[in-house]
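Residue numbers (the working numbering), protein chains in the order written: chain P, 18 to 384; chain D, 18 to 384.
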């Protein structure tokens with residue numbers, strides 16, 4: 018820690034491993050499998066911690082990520098974004114080496130895949146259970162049945178099931194509402210599956226995945242796989258939702274203090290939008306913050322302090338509002354640690370992690 | 018263009034070169050020098066276009082950038098962030114090779130620099146003219162005089178002048194107000210310089226730099242150097258301010274359409290917060306947008322369409338709201354081009370540029 022001179026993405030590896038094992042334990046001894054989303058950490062080395070916990074299949078959100086993790090021995094990867102039809106050649110190249118599963122929500126996509134995929138491929142139909150990003154609305158049974166039939170009838174395509182991301186869990190006020198949205202999403206998929214089976218479709222898996230929903234739930238009846246990602250690190254957004262506790266947040270940005278302005282009650286740190294990202298979070302429905310300071314010891318960091326908030330970010334500078342008693346203890350050139358609002362976006366901005374004991378962990382470079 | 022399969026940062030090199038020459042022309046034949054901020058493009062190759070326009074000295078916002086541009090032959094670099102005292106060794110290493118100019122706004126920083134710098138170094142005092150990020154308030158004459166004296170009396174340090182970033186130009190409603198803030202900032206520095214000279218300080222340069230202020234002004238009387246950066250690319254933020262025109266925006270993100278939802282009036286593109294950044298912009302003081310679509314021909318892109326806006330971003334997905342007549346023309350797998358809200362942050366997220374004629378331009382990699 019004391020050797021750090023510039024903004025550094027610090028990773029508490031023990032916390033991350035505990036987060037992985039906690040999620041893996043939920044599905045142990047059940048028919049549910051954990052297919053974690055690796056977009057959060059984007060690191061082969063962190064990926065191996067999941068393998069240590071028994072994980073065998075993963076989720077990614079770009080072909081670059083799929084290739085990067087395939088190169089580290091992952092052989093069952095779901096690309097959980099509606100398939101980008103311009104990448105068919107790239108998909109075919111990777112699908113010759115590993116099992117690459119794709120996502121569709123339209124006949125146009127299935128037509129193109131049926132014509133151009135050269136490997137037998139599992140195809141998920143993306144369902145919109147209320148988030149309104151991608152997918153067919155959950156109640157459009159006929160449309161889903163038709164699409165499943167179209168997939169089944171295509172030579173190289175195998176209809177595997179229905180998949181959703183109930184991302185509207187992120188907009189809830191607390192864990193009870195998250196649980197309600199999660200339960201509702203699962204029910205909608207289970208009802209739709211029943212309709213699909215009734216219509217003559219032979220089998221249909223159910224896949225769901227968002228960190229808030231999977232964090233508040235202990236069991237996943239009726240679900241075949243869960244795909245949370247952010248839980249490996251958590252962050253202020255998840256803390257605000259009440260789906261993790263402060264001791265579970267596993268990444269922070271360590272950065273030097275470059276300005277102290279006691280009259281304004283502010284300090285300036287070398288840590289800007291190119292380190293934390295501009296993802297903001299409304300605390301108490303008033304101020305938007307971009308990070309919170311935490312006290313740090315050699316054993317890691319403690320509880321973030323709502324009165325010590327990053328209130329503004331430019332490209333390389335962050336403005337931190339501090340109470341007078343804290344500002345008087347800060348020295349120019351000292352280090353502070355900031356918990357990010359959204360760990361996925363913060364991790365994406367760094368090219369490596371540093372662990373608490375000073376080890377470097379590499380990440381995917383080009384995107 | 019047609020070969021693009023994944024989100025790509027497109028650069029209209031002719032527009033960028035014209036932007037550079039337009040700014041360089043403003044100071045030609047005057048005693049003002051242009052010391053552009055290179056944080057926007059972070060590219061040695063783009064940097065050479067500035068050299069072609071007669072630029073000999075630059076501004077950066079991190080030691081990593083200073084080292085990267087020094088490696089391409091830049092020998093006069095100002096690190097325009099209050100000096101990070103943890104980086105003294107790194108500063109000394111680079112300052113042995115080039116002229117590296119530093120920024121301070123406190124006695125504590127000058128003390129440390131006086132004790133540890135091993136090369137004669139030009140030191141600017143950072144002045145706060147109303148932006149309230151870093152610097153000594155412009156009316157604290159005595160404090161500035163004391164600091165200038167302290168610098169002058171330190172063996173290795175040379176007081177070069179007073180420097181500001183009037184970043185509050187970004188919060189103005191239009192170009193007239195930008196001009197007013199710019200003029201006020203210049204006046205505040207000139208008055209302060211007069212006080213410094215009256216107090217016995219031998220000489221004092223005046224440095225100012227923000228793209229809005231430097232874009233609306235044609236002349237810079239009383240100013241020794243200007244340090245704008247964003248003008249090389251411009252973006253929606255500058256367009257909204259009215260300090261550039263649509264034909265001057267030189268970067269856009271080209272991305273594939275992966276979902277079409279006519280009933281919602283929305284399409285989904287593979288272009289998310291890891292491509293555009295989460296910098297939002299309120300258009301007409303109502304909706305926050307993260308980018309606007311522009312029509313593209315082989316000659317480049319046209320005027321952005323306020324009715325075709327990126328209204329939501331997740332990590333890899335963008336939701337674009339489109340009028341019905343446009344949505345009916347979009348095909349799955351087609352490409353759209355998005356102008357970014359803040360080109361500095363968007364460029365920071367990509368590892369290279371692609372020019373309109375398909376050439377790759379590399380950027381700084383590690384931060």
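The beta carbon of each residue, even a glycine, is placed where N, CA and C say it ideally should be.
Hey, could you find the ends of the beta strand (DSSP E) residue i is sitting in?
| i | result |
| --- | --- |
| residue 176 of chain P | 174-181 |
| residue 276 of chain D | 268-278 |
| residue 95 of chain P | 93-99 |
| residue 370 of chain D | 369-372 |
| residue 283 of chain P | 283-287 |
| residue 320 of chain D | Looking at the DSSP string, residue 320 of chain D is not in any beta strand (DSSP E), and its letter there is neither H nor E. |
| residue 308 of chain P | 308-311 |
| residue 381 of chain D | Taken as a continuous stretch (DSSP letters only), residue 381 of chain D belongs to no beta strand (DSSP E), as it is neither H nor E. |
| residue 329 of chain P | 326-330 |
| residue 338 of chain P | 334-338 |
| residue 349 of chain P | Careful: residue 349 of chain P lies outside any beta strand (DSSP E) and carries neither H nor E. |
What first and last residue would you give for the alpha helix (DSSP H) that runs through residue i?
| i | result |
| --- | --- |
| residue 133 of chain P | 124-133 |
| residue 343 of chain D | 341-344 |
| residue 118 of chain D | Run containing residue 118 of chain D: none in the alpha helix (DSSP H); it sits in the beta strand (DSSP E), 116-121. |
| residue 23 of chain D | Run containing residue 23 of chain D: none; DSSP gives neither H nor E here. |
| residue 291 of chain D | 290-293 |
| residue 365 of chain P | 360-365 |
| residue 106 of chain D | 105-112 |
Let me see if you follow: with CB-CB separation under 9 Å, is residue i close to chain P or not?
| i | result |
| --- | --- |
| residue 376 of chain D | no |
| residue 360 of chain D | no |
| residue 265 of chain D | no |
| residue 230 of chain D | no |
| residue 100 of chain D | yes |
| residue 331 of chain D | yes |
| residue 258 of chain D | no |
| residue 150 of chain D | yes |
| residue 347 of chain D | no |
| residue 107 of chain D | yes |
| residue 103 of chain D | yes |
| residue 285 of chain D | yes |
| residue 7 of chain D | No statement about residue 7 of chain D is possible, as the shown extent of chain D runs from 18 to 384 and does not include it. |
| residue 174 of chain D | no |
Comparing the C-beta of residue i with each C-beta of chain D, is any distance below 9 Å?
| i | result |
| --- | --- |
| residue 83 of chain P | no |
| residue 262 of chain P | no |
| residue 357 of chain P | no |
| residue 276 of chain P | yes |
| residue 336 of chain P | yes |
| residue 21 of chain P | yes |
| residue 205 of chain P | no |
| residue 350 of chain P | yes |
| residue 255 of chain P | no |
| residue 310 of chain P | no |
For the ligand ATP, is there any heavy atom lying closer than 8 Å to the beta carbon of residue i?
| i | result |
| --- | --- |
| residue 357 of chain D | No copy of the ligand ATP occurs in the structure displayed, which carries no ligand at all. |
Check your understanding: Does the pairing of the region 215-233 of chain D with the region 332-352 of chain D give three or more beta-carbon distances under 8 Å?
Key -> no
Review point. Hey, which unbroken runs of the alpha helix (DSSP H) at 4 residues or more fall wholly within the region 146-205 of chain D?
Key: 158-170
Review point. Does the region 298-307 of chain P touch the region 293-309 of chain D, meaning 3 or more C-beta pairs lie closer than 8 Å?
Key: no
Practice item. Note down, one range per segment and in chain order, each beta strand (DSSP E) of at least 3 residues found wholly within the region 40-98 of chain D. Key: 75-77 and 93-96
Check your understanding: Closer than 8 Å, Cβ to any Cβ of chain P: which residues of the region 50-62 of chain D, in chain order?
Key -> 56
Review point. Just by C-beta distance, which residues in the region 295-307 of chain P are closer than 7 Å to chain D?
Key: 295 and 296
Practice item. Check distances from the C-beta atoms of the region 73-97 of chain P to those of chain D and list, in chain order, the residues that come in under 8 Å. Key: 78, 79, 80 and 81
Point to revise | Three or more C-beta pairs below 8 Å linking the region 233-252 of chain P and the region 355-372 of chain P | key: yes
Point to revise | Completely contained beta strand (DSSP E) runs for the region 205-274 of chain D, where each covers 3 or more residues | key: 222-225
Practice item. Anything in the region 124-141 of chain P with a Cβ closer than 9 Å to a Cβ of chain D? List those residues in chain order, please. Key: 125, 126 and 129
Practice item. Report yes or no: do the region 343-352 of chain D and the region 270-278 of chain D share at least 3 C-beta pairs separated by less than 8 Å? Key: yes
Review point. If we count Cβ pairs, one from each stretch, closer than 8 Å, do we get three or more for the region 91-99 of chain D versus the region 113-120 of chain D?
Key: yes
Check your understanding: How do the region 18-28 of chain P and the region 319-332 of chain P stand: do at least 3 beta-carbon pairs fall below 8 Å, yes or no?
Key -> no
Review point. Looking at C-beta atoms only, is the number of pairs between the region 368-379 of chain P and the region 25-38 of chain P that lie closer than 8 Å three or more?
Key: yes
Check your understanding: Is it true that the region 143-156 of chain D meets the region 121-128 of chain D, where meeting means three or more beta-carbon pairs spaced less than 8 Å apart?
Key -> yes
Point to revise | Contact list for the region 183-202 of chain D against chain P, Cβ threshold 9 Å | key: 184
**Study point:** Stretch pair the region 102-112 of chain D + the region 126-139 of chain D: three plus CB contacts closer than 8 Å
**Key:** yes
**Study point:** contact_flag[the region 66-86 of chain P, the region 202-220 of chain P] where n(CB pairs < 8 Å) is 3 or more
**Key:** no
Check your understanding: Using 8 Å as the threshold, is the region 33-44 of chain P in touch with the region 58-72 of chain P, meaning 3 or more CB pairs across them?
Key -> yes
Review point. Mind listing which residues of the region 236-253 of chain P have their C-beta closer than 7 Å to chain D's C-betas, in chain order?
Key: none
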